[in-house]
Every structure is written in C-alpha cells, then in structure tokens.
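There are 2 protein chains.
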Amino acid sequence: MQPKSENVVWNHSLVKPGERRALLGHGAVTLWFTGLSGSGKSTLCNAVEKRLVELGAIAYVLDGDNVRVGLCADLGFEPADRSENIRRVGQVARLFNDAGVIVLTAFISPYRSDRSSAREILPAGQFVEVFVDTPLEVCEQRDVKGLYARARAGEIPEFTGISAPYEPPEAAEIRLPAGERDVDWCVERVIEYLRQTDVLAS
Amino acid sequence: MQPKSENVVWNHSLVKPGERRALLGHGAVTLWFTGLSGSGKSTLCNAVEKRLVELGAIAYVLDGDNVRVGLCADLGFEPADRSENIRRVGQVARLFNDAGVIVLTAFISPYRSDRSSAREILPAGQFVEVFVDTPLEVCEQRDVKGLYARARAGEIPEFTGISAPYEPPEAAEIRLPAGERDVDWCVERVIEYLRQTDVLAS
C-alpha cells in the first residue's frame with residue numbers, strides 16, 4: 012500500500028539492530044500461527060511465549076481477539092476487513108520485531124494471499140509461518156467457544172471451515188500436528204526451529 | 012470504541028506483568044511527545060531511546076512518519092484521519108507496554124481530545140505526556156523539511172500552527188523547553204522523570 016499522506020519518510024533509529032540483539036541476547040522474528048478456529052493457535056502461542064520468557068527471551072502474543080478488541084475494533088469479518096486486519100497486524104509485528112521482540116500471532120488468517128502480504132511486510136526471513144494442522148473434525152468436536160454449533164445453525168455467517176474457505180499453507184516453515192501431538196511437543200518443535208535458525212542461541 | 016466484531020474476548024497471557032519487569036529490569040510506560048512540526052519531537056525521541064538502550068532498557072520509538080508509511084498508510088491529515096491515526100498508535104503503544112517495552116511516540120497530536128483518548132486507552136499512570144514546547148517562530152525559522160514555507164504558500168492545507176490549530180497540553184507530566192535547552196538537557200530531564208516514577212531503577 013502506498014502511503015496516502017505525502018511528506019512522510021522512514022525515521023531511522025539511532026539504535027542499531029545489532030545493539031538490540033546484544034542487549035536482549037536473541038534475534039527477533041514473527042511466528043505467524045495459522046489454522047482453523049479451535050485448532051489450538053492461542054493455546055500454543057501462549058505456551059511458546061511462556062517458554063520463551065522462561066528462557067530469558069522477550070516475546071509477545073498478538074492474539075486475534077485482543078487485536079479486535081483494540082487496534083482493529085473498527086473491523087468485521089468480511090473478506091476486505093479480514094485483509095485489513097491482517098495488514099495491520101503484519102505492520103505491528105514489523106514494529107515489534109524492529110524493537111527486538113519475538114512476536115507470535117494467533118489469527119485464523121484463512122487466505123493464502125493475506126499471509127503472503129504479511130510475509131512481504133516483514134524483512135526477508137523474519138516471517139515464520141506456523142501451520143497448526145488440526146483437522147476440522149477435531150476442531151468441530153472440541154468446539155471450545157461453541158462457535159461451530161452456531162455456524163452450522165447458520166447463526167454466524169462466513170465462518171471459516173464451514174461457510175468460508177480455509178486455504179492451508181503450501182510450504183509453512185513449521186507444521187504442528189496439534190491433533191496428534193500435545194502442547195509440550197509443539198512448543199519444543201518451535202523452540203528447536205528458533206535454535207536451528209539462530210534466533211535463539213543454541 | 013466498541014468492537015465491531017462479536018465473539019471476541021481478551022486473551023490473558025500466561026506471562027504475568029511482574030515477570031516481564033523482572034526479566035527486563037524496568038517498567039513500561041508510553042512517553043507521548045507532542046508539539047509542533049519541527050519542535051524536535053523525533054530528535055528527542057530518538058535521543059531518549061538511544062540513552063535508554065545504553066542504560067540496558069528496551070525502548071522503541073513509534074514515529075509519526077514511520078507509522079504513516081505502514082500501519083496508517085490508509086490515512087490522511089483530515090481531523091477524522093488524524094484521530095484514527097492517534098487511536099491506532101495508542102492501541103499499539105498499549106500492546107508494546109504490555110510486552111514490557113518503553114514506548115516513545117513522536118506525533119504532532121495537535122488535539123487535546125485525541126491525546127485524552129490515547130491516555131484513556133492505556134492503563135492508569137502509563138501515559139506520560141511530554142510537551143515539546145518550542146515556540147512556533149523557532150520551528151518556522153528552522154523549517155527543517157521546508158514544510159512551513161509550503162504551508163505559508165498555501166501548498167499544504169491544514170498545516171498545524173499555520174492553518175490548523177495546535178492545542179497545547181494543560182498539565183503535561185513533562186515539559187521540555189526545547190527552544191532554550193539542548194538535547195542532552197532534555198534527555199536527562201526525561202530519564203530523571205522515569206527514575207522518580209520508578210520506571211527505571213534509581
């Protein structure tokens with residue numbers, strides 16, 4: 012998106028990215044969790060965040076619901092609003108990474124094109140797609156928030172997986188089979204990836 | 012603003028605010044710099060950020076121009092767009108503070124009502140208004156970006172201080188007389204405030 016306002020230029024910080032890494036002892040990426048409603052995105056994000064803080068890293072979850080309560084309170088669930096939601100979150104993730112913080116995002120983000128846009132907002136290598144690959148049947152059976160039942164009853168329009176599409180990632184950096192593996196296994200898989208890619212010291 | 016989307020609730024992190032403070036060694040507030048174009052907001056924000064990082068604190072500047080290049084690229088400078096810009100920045104600052112990061116914002120933010128809204132978005136005591144009190148004559152004389160000349164020539168509509176109002180703060184937590192004092196003096200004034208209010212250890 013081209014800025015609507017003219018006379019604006021990027022302000023370069025006096026703090027170099029390397030200085031932040033030296034201060035914090037780790038790099039900064041955005042772990043972009045995608046998956047169906049009820050697949051376990053928020054649970055896994057929260058668990059990875061907790062583990063990272065235990066390891067002394069500064070990490071923060073941008074949760075779908077939290078963002079919709081505040082930053083994106085003006086947006087609904089129509090495709091255009093979903094895209095704008097994802098765009099804003101990508102921009103916020105970029106700012107957090109720039110500050111040195113590891114970001115975890117928990118958004119259904121059902122459209123491949125929106126996830127691609129978010130990937131493009133971030134500097135190369137900083138967008139890490141994490142596919143929470145829990146089958147629809149399992150999500151619907153859990154139905155933690157009772158939303159699937161309401162969607163099946165036609166009470167919630169455009170519900171991902173029921174009346175709106177979910178486009179699974181084709182080449183996610185990390186795939187978590189969260190229907191078969193427990194939370195601890197998934198957390199360690201993510202930590203292992205961060206060590207392999209030198210975000211965390213080995 | 013009430014969320015437009017239903018079925019959303021605040022997701023509580025497994026990481027307690029106290030844990031972040033213990034990890035980072037400091038508290039998190041939003042230093043909201045307000046003042047005319049050319050008053051020195053960005054320069055002072057960058058200098059305070061650098062000083063904080065030298066002191067081992069994690070701090071980050073949300074600059075007016077940077078935000079308008081990305082997160083708020085869809086917004087212009089009409090009053091409604093300015094308000095929405097400030098609302099989004101307030102929400103992002105809240106997320107950063109929640110993550111444990113000290114935020115410095117450099118926005119003209121000319122309307123008292125918008126600054127009040129931003130203050131209300133943040134938890135009590137976390138919004139610290141910093142009035143960069145440089146007289147209009149000094150800003151116009153400097154005219155670093157050549158914008159005052161263009162505004163006087165009528166080329167930029169609704170330019171704060173010339174063809175749009177600037178409402179100075181009535182009770183800013185910090186006032187920086189940046190027309191009379193140098194950058195180092197102003198930086199130390201801010202650091203002193205952060206020590207007095209226990210954001211930084213004394």
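Here the protein sequences come in this chain order: A and B. According to the working numbering, the first sequence is numbered sequentially starting from 12. According to the working numbering, the second sequence is numbered sequentially starting from 12. No residue lacks a Cβ here, since even glycine has one placed at the ideal position from N, Cα and C.
Contacts with chain A at 9 Å (Cβ-Cβ) do not include residue 154 of chain B.
For the set B:169, B:166, B:120, the Cα lying nearest the Cα of residue 76 of chain B is the one of B:120. Annotation: residue 42 of chain A to residue 139 of chain A spans about 5 Å, alpha carbon to alpha carbon. As computed with DSSP, residue 163 of chain A is found in no beta bridge at all.
Chain-ordered, the chain B residues with CB closer than 8 Å to the CB of residue 99 of chain A read 82, 99. For the pair of segments examined, the stretch 28-42 of chain B was found not to touch the stretch 167-181 of chain B: the number of CB pairs separated by less than 8 Å stays below three.
In the structure shown, residue 169 of chain B falls within a coil segment according to DSSP collapsed to helix, strand and coil. Note that the C-beta distance between residue 134 of chain B and residue 96 of chain B is not below 9 Å. Using a Cβ-Cβ distance cut-off of 8 Å, the stretch 52-72 of chain A and the stretch 72-88 of chain B are not in contact, since fewer than three pairs of beta carbons, one from each stretch, lie closer than that value. Proximity to residue 188 of chain A across A:30, A:44, A:212 peaks at A:44, based on C-alpha coordinates. DSSP, read as helix, strand or coil, puts residue 113 of chain B in strand.
Contact annotation for residue 69 of chain B against chain A: 31, 34, 35, 69, 110, 111, 112 [CB-CB distance below 9 Å, chain order]. Contact annotation: residue 205 of chain A and residue 132 of chain A have beta-carbon atoms that are not nearer than 9 Å. Residue nearest to residue 196 of chain B within the set B:55, B:127, B:181, B:157 is B:55 (criterion: CA-CA distance). Closest in alpha carbon position to residue 146 of chain A, among A:23, A:33, A:185, A:47, is A:47. Per DSSP, the continuous alpha helix (DSSP H) segment holding residue 58 of chain A begins and ends at 52-65.
Not a single C-beta of chain A is nearer than 9 Å to the C-beta of residue 187 of chain B.
Rounded to whole angstroms, the gap between the alpha carbons of residue 152 of chain A and residue 51 of chain A is 13 Å. Inter-residue distance for residue 198 of chain B and residue 182 of chain B is about 20 Å (C-alpha atoms, whole angstroms). According to the DSSP assignment, residue 141 of chain B belongs to the beta strand (DSSP E) that extends over 138-143. Within the same chain, 70 come within 8 Å of residue 64 of chain A by CB-CB distance, once the 5 residues on both sides are set aside. DSSP places residue 185 of chain A in the strand class (E or B) of the three-state scheme. For residue 210 of chain A, the secondary structure class from DSSP, reduced to helix, strand or coil, is coil.
Pairing residue 93 of chain B with residue 87 of chain B, the inter-Cα distance amounts to about 7 Å. Boundaries for residue 72 of chain B: no alpha helix (DSSP H) harbours it, while the beta strand (DSSP E) harbouring it runs 70-74, taken from the DSSP string. Cβ-Cβ separation between residue 31 of chain B and residue 111 of chain B: approximately 4 Å, consistent with a contact (criterion under 8 Å).
For residue 42 of chain B, the uninterrupted beta strand (DSSP E) run begins and ends at 41-45, by DSSP.
Using a 10 angstroms sphere on the CB of residue 171 of chain A, the tally of other CB atoms reaches 16 or more, which defines it as buried.
Apart from the 5 residues on each side of it in sequence, residue 141 of chain A sits with its Cβ closer than 6 Å to the Cβ of 42, 44, 185 in its chain, given in chain order. By the criterion of a C-beta distance shorter than 6 Å, residue 144 of chain A is surrounded in its chain by 186, 188, once the five residues flanking it on both sides are discounted. Our two residues, residue 57 of chain A and residue 115 of chain A, have alpha carbons roughly 8 Å apart in a direct line.
Residue 64 of chain A reaches chain B at 26, 30, 31, 34, counting residues in chain order whose Cβ is nearer than 8 Å. At least one CB of chain A lies nearer than 9 Å to the CB of residue 107 of chain B. Listed along the chain, the chain B residues whose CB falls inside 7 Å of the CB of residue 102 of chain A are 81, 82.
Counting other Cβ atoms within 10 Å of its Cβ, residue 29 of chain B stays below 16 and is therefore classed as exposed. At least one C-beta of chain B is nearer than 9 Å to the C-beta of residue 73 of chain A.
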